[in-house]
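Numbering-wise (my numbering), the sequence shown opens with residue 1361 and increments by one.
Ideal Cβ placement from N, Cα and C applies to all residues, glycine included.
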Amino acid sequence: MKTAIFPGSFDPVTLGHLDIIERSSRLFDRLIVVILENSEKYATFSMEERLAFLRTNTAHLPNVEVAGNHGLTVDFARKHEAVAIVRGVRSVKDYEYELDIASVNQQIAPEVETMLLYASPKYSYVSSSIIRELVKYGQDISAYVPEDVRIAFANRT
């Protein structure tokens, strides 16, 4: 059974994230969506909230699991016997960043491949940070996030 992981902060989860999850779930027998906890960054939503958003929005995908992680992504991949780390790429900037991370991961765990999936054109400009900025200025985010995330933001303002 081929397992892959799709790591990210998912703060918040976007329709772009869900698109990558759906597409990569068709490529592997098992996909684990891994929420990374970054202690140096303030999170808009707690780990528990992000886990709930992702579990709700991936419930229709039987081979997708959702987990949290506080350590190195590559260590999580090894622990779960993943053959690949899936990353979504929207731009050259994303590609350059992912290339650096993939190079380090290759040194640590050469048995784990990094697989880049290009963002679907309709989501190529959507990011969690843009969503947070739109919310800050009272803009409608319903075209970019699942409904439960939109409601959660609305309940915070």
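Apart from the 5 residues on each side of it in sequence, P1372 sits with its Cβ closer than 8 Å to the Cβ of T1404, F1405, R1410, F1413, S1488, I1491, R1492, V1505, V1509, A1512, F1513 in its chain, given in chain order. About 17 Å separates the CB atoms of L1396 and G1376; that is not less than 8 Å, and the two are not in contact.
P1481 sits in a helix when the DSSP states are folded into three classes. DSSP lists A1364, V1424 as the bridge partner or partners of L1391. A residue is called buried when at least 16 other Cβ atoms come within 10 angstroms of its Cβ; L1391 meets this threshold and is buried.
Within the DSSP secondary-structure output, M1475 pairs in a beta bridge with V1446.
A straight line joining the alpha-carbon of Y1483 with that of I1381 spans about 13 Å.
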